[in-house]
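Numbering (this note's numbering), first residue to last: 3 to 88.
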């Protein structure tokens, strides 16, 4: 059975296919004009171990930890992932 989780860029990923979850990293993000966009979080997810099957997900603290709760917490936590405020 598939468990779909939404990643911050709007795409969906089957949580049951994830074979690898990397360490959550933080970094300061800047736009193309050099303006500071604040602290951003990133995590590496892999559906297989070759590099071609891995995705680096970038978002706010709430988006990344909501995604991880959806993946690790089961189907009930996937439904509780934060929705887009728009």
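Ideal Cβ placement from N, Cα and C applies to all residues, glycine included. Since the structure is predicted, the reported quantities are computational estimates derived from the model, not experimental observations.
Euclidean distance between Cα positions of residue 23 and residue 75 | 14 angstroms
contact_flag[the stretch 8-22, the stretch 43-54] where n(CB pairs < 8 angstroms) is 3 or more = yes
Tell me whether the beta-carbon of residue 38 lies closer than 7 angstroms to the beta-carbon of residue 29.
-> no
Using a threshold of 7 angstroms, state whether the C-beta atoms of residue 73 and residue 17 are closer than that.
-> yes
Using a Cβ-Cβ cut-off of 6 angstroms (strictly less than) and excluding sequence neighbours within five positions of residue 14, which residues of its own chain qualify?
-> 6 and 8
For residue 21, I'd like the list of residues in its chain whose CB is within less than 7 angstroms of its CB, leaving aside the five on either flank, ordered along the chain.
-> 48, 49, 50 and 51
Exposed or buried, what is residue 36 when buried is set at 16 or more other beta-carbons lying within 10 Å of its beta-carbon?
-> exposed
Identify the continuous alpha helix (DSSP H) that holds residue 64 and give its terminal residues.
-> 63-74
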